[in-house]
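**Q** Could you have a look at this structure, given as structure tokens, before my questions?
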Amino acid sequence: MHSNEKSRVVVAMSGGVDSSVAAALLVEQGHEVIGMMLRLWSEDCGEGGSNRCCTPGQMADARRIADKLGIPFYVIDTQDVFRQKIVQFFIDRYAAGDTPNPCLECNRHIRFEWLLNHALALDADYLATGHYARIRRDVDGTAHLLRGLDPGKDQSYVLSVLTQEKLRHALFPVGDYEKPRVRAIAQKLGLPVAQKHDSQDLCFLADGNYRRFLKEHAPQAMQPGPIVTRDGRELGTHHGLPSYTIGQRKGLGIAAPEPLYVLATDPARNALVVGTRDELGSSTLSANRVNWIAGAAPDGPFRAGVKIRYSAKPAPAWVTPEGEDRFNVTFDEPLRDITPGQGAVIYDGDECLGGGIIARSGYTGV
């Protein structure tokens, strides 16, 4: 979007500072702005509970911001599709022994599919969100996803699922700012959310406790089972595979002459595989459910930085595409916490090239 081009833009509002400032910046630039908030599924929603992304307080904040900015504001009931596409996915993947990232799926299916379709139905040109990321558009219309300017806040990892078609209709107005500057803009504009805390992940958990949630919603995934070494020696009992993370050392409840770490989970045997620090880590992974932001896989192996979780730094590696829907990664140095179910997201400097979901079959930790 060129700065002098005036467009109709739907802003995904959450009542938080980032989306509020995104809306304010767009109004300031003279666009026709419409605020939309998603009402998402949460535990106890029927009994007055609410998703932490859309509590009554946040809805009131978002509505107040919209009023202050003089823009229309709508709440869309998204509970059913969110329950089916995100919450059920979360339960199913944990039950299969993976450690999913629901934010990737939320951007894939909820924000940039369900909400984007609502925006386009209103004849909007763009859907804007408060994500810290940037888009560079070529003269021919090709869109490139770049990291947000604030390295501590960059959210390009969870946007790696976006396609050219989705990026064509996306705007990230706060991506060019650092977080303190975004708060300062909110303060200057007199927005009542200037000092509001950032929201946390896993918004649909009433108390943030995913282990308790899985015990209730996927009890089969939380069955105790053996803790074993790679050569099959049994050392103790675990309390359900989802309770452990790759690389974890504390809280295993087993005595051993040297510290032991979680190397892998083996869902087929419901076993937790542990070993010494020397055994931890892998130099390779395979990923599936791949999205190449350019629209097609690169021709052959290439050098890149690969992030294996949201908070990780990109690690130097060779990436080898295998068709359009799979790639293999060979890291220069072994990484300790490659975890099936998490995103493997590929960077060329500041540009996010896309990513996929780390596959259990391609993980050599077992």
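Following the numbering used here, the numbering of the sequence shown begins with 3 at its first residue and continues without gaps.
We put the beta carbon where it would ideally sit given N, CA and C, even for glycine.
Using the Cα positions of ALA299 and ALA317, report the straight-line distance between them to the nearest angstrom.
**A** Their backbone Cα atoms lie some 20 Å apart in a straight line.
**Q** With H, G and I counted as helix, E and B as strand and the rest as coil, what does DSSP make of GLU236?
**A** Of the three classes helix, strand and coil, the one that applies to GLU236 here is strand, per DSSP.
**Q** Please tell me whether PRO226 and THR247 are closer than 8 Å, where the distance is taken between their beta carbons.
**A** Not in contact: PRO226 and THR247 (Cβ atoms no closer than 8 Å).
**Q** Would you report the Cα separation of ARG305 and SER285, rounded to the nearest angstrom?
**A** Each residue's Cα considered, the two are about 15 Å apart.
**Q** Assess, as a yes-or-no matter, whether the region 134-143 is touched by the region 107-124 under the definition of 3 or more beta carbon pairs within less than 8 Å.
**A** Result no; under three Cβ-Cβ pairs closer than 8 Å.
**Q** I need the boundaries of the beta strand (DSSP E) containing LYS309, first residue and last residue.
**A** That run of the beta strand (DSSP E) goes 304-309.
**Q** Which of helix, strand or coil does DSSP assign to GLN116?
**A** Reading off the sequence shown, one finds Trp at residue 116, where the question assumed Gln. TRP116: helix per DSSP, three-state reduction.
**Q** Which ranges would you report for the beta strand (DSSP E) in the region 17-92 if only whole runs of at least 3 residues count?
**A** Qualifying beta strand (DSSP E) stretches, in chain order: 34-41, 75-79.
**Q** Is HIS111 helix, strand or coil when you go by DSSP?
**A** Helix.
**Q** Is DSSP giving ILE187 helix, strand or coil here?
**A** The answer is helix: DSSP assigns ILE187 an H, G or I state.
**Q** Which word fits PRO182, buried or exposed, when buried means at least 16 other C-beta atoms lie within 10 angstroms of its C-beta?
**A** By the 10 Å Cβ count, PRO182 comes out exposed.
**Q** What residues match up with TYR128 in a beta bridge as DSSP calls it?
**A** TYR128 is bridged to VAL11.
**Q** According to DSSP, simplified to helix, strand and coil, what is VAL292?
**A** If DSSP states are grouped into helix, strand and coil, VAL292 belongs with the strands.
**Q** How many whole angstroms separate the CB atoms of ASN109 and LEU147, which I take to be in contact at a CB cut-off of 8 Å?
**A** Wrong, their Cβ atoms sit about 11 Å apart, outside the cutoff.
**Q** Note down, in chain order, each residue of its chain lying with its Cβ closer than 7 Å to the Cβ of THR231, except the 5 sequence neighbours on either side.
**A** Correct list, in chain order: LEU237, VAL276, GLY277.
**Q** In its own chain, which residues sit with a C-beta less than 8 Å from the C-beta of ILE360, not counting the 5 before and 5 after it?
**A** Closer than 8 Å at the Cβ level, and outside the excluded window around ILE360, lie LEU287, SER288, ALA289, ILE310, ILE340, THR341, PRO342, GLY343, GLN344, GLY345, ALA346.
**Q** Under a three-way DSSP split, which group does ALA361 fall into?
**A** Three-state DSSP puts ALA361 in coil, outside helix and strand.
**Q** Is the region 320-329 touching the region 75-86, taking contact as three or more C-beta pairs under 8 Å?
**A** Short answer: they don't touch.
**Q** For the putative contact between ASP188 and SER22, defined by C-beta atoms under 8 Å, what is the C-beta separation to the nearest angstrom?
**A** In the sequence as presented, Asp is not what sits at residue 188; that position holds Ala. The pair is a contact, with the Cβ atoms about 6 Å apart (cut-off 8 Å).
**Q** Give me the residue from GLY242, GLY192, ALA196, ILE229 with the minimum Cα distance to LEU216.
**A** The option with the nearest alpha carbon to LEU216 is GLY242.
**Q** What residue from MET61, ILE73, GLN81, ARG65 has the CA that sits closest to ARG30's CA?
**A** For the record, residue 30 in the displayed sequence is Glu; it is not Arg. The option with the nearest alpha carbon to GLU30 is ILE73.
**Q** Would you please state the rounded distance, in angstroms, between the beta carbons of PRO175 and ALA121? I believe it to be under 8 Å.
**A** In fact, because the Cβ distance is near 15 Å, the residues do not count as touching under 8 Å.
**Q** Quick one: residues in its chain with C-beta nearer than 7 Å to the C-beta of LYS198, no 5 flanking neighbours on either side, listed in chain order?
**A** Closer than 7 Å at the Cβ level, and outside the excluded window around LYS198, lie GLY18, VAL19.
**Q** Considering Cα atoms alone, identify which of GLY297, ASN211, PRO261, ILE93 is closest to CYS354.
**A** The shortest C-alpha separation from CYS354 is found at GLY297.
**Q** Please work out which residues of its chain come closer than 6 Å, Cβ to Cβ, to GLU49, disregarding the five sequence neighbours upstream and downstream, and give them in chain order.
**A** Only weak support is given to the placement of GLU49: the predicted model assigns it a pLDDT of 45, under 50, and the question is left unresolved by the model.
**Q** Apply the 10 Å Cβ neighbour rule to LEU262 and answer buried if 16 or more other Cβ atoms are within range, or exposed otherwise.
**A** Classification of LEU262: buried, given that the 10 Å Cβ count is 16 or more.
**Q** Mapping the DSSP letters down to three states, classify ASP387 as helix, strand or coil.
**A** There is no way to answer for residue 387, as the model of the chain reaches only from 3 to 368.
**Q** Using DSSP with H/G/I as helix, E/B as strand and the rest coil, what is LEU355?
**A** If DSSP states are grouped into helix, strand and coil, LEU355 belongs with the strands.
**Q** Determine the contact status of ALA64 and SER16, defining contact as a CB-CB distance below 8 Å.
**A** Their beta carbons are under 8 Å apart, which means ALA64 touches SER16 by this criterion.
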